[in-house]
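Heads up: the structure comes next, in structure tokens.
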Amino acid sequence: KATMTHPKLFSHLAAMPDMHMGIGCTIGSVIPMKDAIVPAFVGVDIGCFTGETTVPCLDGKEYTLKELADSKESCWIYSVDNEGEITVTQATAKCTREEAQFIRVHLDNEKYIDCTPDHQFRLRNGKYKKAEDLTPDDSLTPLYKRIDKDGYLRVKLLKRSWEKRVHWMMAHAGALGKLPSVTPQKLLIHHIDFNKENNLSSNLKAMGNADHSKLHAKIAVDRDNSHWQSPEFEKRRLEGIQRSKENPEIQAERARVGTENFRKYMDDNPEHFKESVKDNGKRGGKYLSAYNKSAKGRAKSKEIANRMYTCDICEETGKSPIFLHNHRKKEHGSNHRIVKIEQLTITAPAYCLTVPEYHNFALSAGVFVHNCGMCAVGTDIQLDVLKPHFDQIYREIKGRIPVG
């Protein structure tokens with residue numbers, strides 16, 4: 028309807044049999060124009076996902092694209108900025124078409140993504156590639172998140188060798204407004220509802236560390252404080268404990284911290300440590316020595332020495348846990364790869380996000396993808412300057428954009 032009412036439309040609009048929804052205009056339409064060139068009349072297929080595809084949001088929860096679209100509200104998500112670094116920004120979700128065909132992209136982290144064949148995935152080098160053209164040799168831009176030992180959510184950065192707490196990502200993205208000067212105190216970010224995974228701007232408050240300590244002290248002595256006694260807080264507390272038990276990264280971090288503390292104790296108190304362990308092994312030492320010298324013990328030692336360890340991501344094998352650690356760090360520590368792609372027979376509504384600032388977003392599967400939408404950029408270039416180059420411009424556009 029909007030196309031038909033355009034003042035420069037000449038006589039009629041032709042619709043092809045395969046016409047379907049697009050961005051700019053419908054795919055498969057022919058629009059004759061008189062005395063005008065209208066770049067907006069380019070039909071671009073929309074690469075999208077099933078409604079069940081989930082997106083990690085800054086409140087610490089994951090939502091399906093359908094849930095986000097039905098809410099009709101903006102959401103805070105992870106994105107890669109124009110400098111190639113992970114940041115946070117706002118997005119909106121929408122249903123882009125009622126019927127679409129999908130493929131399933133299997134990743135090396137045992138997760139998969141159901142998307143249209145033309146959807147663009149962000150590669151580790153910053154370029155984009157259609158889902159149907161991805162191969163196991165392609166390195167995808169990853170999103171690695173974890174809960175640190177203090178309970179805060181961290182994200183592994185792409186261009187730097189460290190992780191960043193998400194509440195500081197929000198602060199540095201300007202989501203909290205201008206940060207206050209708290210000199211001589213140290214600036215920190217307080218979680219208003221005490222849920223360290225909820226990093227929405229409405230739940231964060233910048234304040235000095237001394238003021239923060241006073242706030243927590245006041246709450247701690249208030250035995251009747253409704254927050255600490257509320258069922259909601261108790262539920263979150265128990266859920267957090269359970270998540271930490273089931274998260275191997277958290278368990279590994281706790282083991283690392285425990286080992287460091289133990290080594291520090293040994294270094295700081297060598298005499299006390301020696302006294303504490305001087306009798307270790309006296310009772311069982313002779314039995315262990317006899318076992319190691321026995322045929323059974325030697326066989327067990329040989330079996331352990333030749334034990335093969337398999338990577339649970341790519342199934343490559345090697346000897347010793349050290350191999351496994353180094354392999355995972357080298358091959359899977361900075362990107363994700365495609366394992367396989369399969370064609371799905373389902374036809375379902377398609378959904379996507381629109382990210383106005385950076386035009387990409389992270390999925391719960393752990394990779395970044397392009398968003399839906401087109402941008403029109405105004406310039407001061409006069410039409411007469413472009414006329415001699417129309418053919419070249421058209422060839423360039425046709426080579427990069429699926430024109431309907």
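So the mapping is simple: the working numbering equals the position in the sequence shown, first residue as 1, plus 27.
Heads up, the beta-carbon is just placed ideally off N, CA and C, and yes, glycines get one too.
Just so we're clear, the structure is a prediction, and the values are computed from it rather than from any experiment.
Environment of residue i [buried if 16+ CB atoms lie within 10 Å]
i, result
"Tyr314", "exposed"
"Tyr90", "buried"
"Asp135", "buried"
"Arg149", "buried"
"Arg422", "exposed"
"Glu224", "buried"
"Pro207", "exposed"
"Asp141", "buried"
"Ile420", "exposed"
"Gln147", "buried"
"Val404", "Since pLDDT at Val404 reaches only 45, below the 50 mark, its modelled position is unreliable, and the value read off the structure follows with that caveat. With fewer than 16 Cβ atoms within 10 Å of its Cβ, Val404 is classed as exposed."
Cα-Cα separation between residue i and residue j, rounded to whole angstroms
i, j, result
"Asp175", "Lys183", "12 Å"
"Leu185", "Ser106", "11 Å"
"Asn230", "Leu215", "14 Å"
"Val412", "Asn109", "30 Å"
"Lys272", "Glu280", "12 Å"
"Gly201", "Ala233", "12 Å"
"Ser98", "Arg364", "33 Å"
"Thr162", "Thr286", "41 Å"
"Gly87", "Ala322", "54 Å"
"Ile373", "Arg131", "11 Å"
"Asp294", "Phe300", "9 Å"
"Ser303", "Pro297", "10 Å"
"Asn398", "Pro144", "14 Å"
"Glu330", "Ser316", "18 Å"
"Tyr318", "Arg283", "31 Å"
"Asn236", "Phe221", "15 Å"
"Arg173", "Gln278", "11 Å"
"Ile171", "Gly393", "Note on residue identity: the sequence assigns Tyr, not Ile, to residue 171. Their Cα atoms are separated by approximately 7 Å."
"Cys402", "Thr381", "Note that Cys402 has pLDDT 44, beneath the 50 cutoff, so the model's placement of it is unreliable and the number below is only indicative. Taking the straight line from one Cα to the other gives about 11 Å."
Where the beta strand (DSSP E) through residue i begins and ends
i, result
"Ser106", "Cys102 to Val107"
"Ala377", "His363 to Thr381"
"Lys88", "Counting along the chain, Lys88 falls outside any beta strand (DSSP E), and DSSP gives it neither H nor E."
"Pro83", "Thr81 to Pro83"
"Thr344", "Thr344 to Lys346"
"Leu214", "Leu214 to His218"
"Cys142", "Tyr139 to Cys142"
"Gln409", "No beta strand (DSSP E) holds Gln409; DSSP gives it neither H nor E."
Sequence-distant residues of the same chain with beta carbon closer than 6 Å to residue i, five excluded per side
i, result
"Asn226", "Leu85, Val193, His194 and Met197"
"Phe417", "none"
"Ile368", "Ile130 and Val132"
Simplified DSSP assignment, three categories, for residue i
i, result
"Asn236", "helix"
"Gln128", "strand"
"Arg290", "helix"
"Ile50", "Low confidence applies to Ile50: its pLDDT is 49, below 50, so where it sits in the model is not reliable, and the reading given next is rough at best. Here Ile50 sits in strand by DSSP."
"His133", "strand"
"Met401", "Here Met401 scores only 48 on pLDDT, less than 50, and its place in the model should not be relied on; the value that follows carries that caveat. Reduced to three states, the DSSP call for Met401 is coil."
"Ala202", "coil"
Spatial neighbours of residue i in its chain, beta-carbon cut-off 7 Å, leaving aside the 5 residues before and after
i, result
"Gly153", "Gly111"
"Leu203", "Met197, Ser228, Leu231 and Ala233"
"Lys414", "none"
Start and end residues, alpha helix (DSSP H) containing residue i
i, result
"Ile331", "Ala322 to Ala332"
"His299", "Pro297 to Val304"
"Ala392", "No alpha helix (DSSP H) holds Ala392; DSSP gives it neither H nor E."
"His194", "Val193 to His199"
Minimum Cβ-Cβ distance from residue i to chain B less than 7 Å
i, result
"Glu79", "In summary, chain B is missing from the structure at hand, where a single protein chain is found."
Same chain only: Cβ atoms within 8 Å of residue i, ignoring 5 sequence neighbours per side
i, result
"His217", "Leu231, Lys232, Ala233, Met234, His239 and Leu242"
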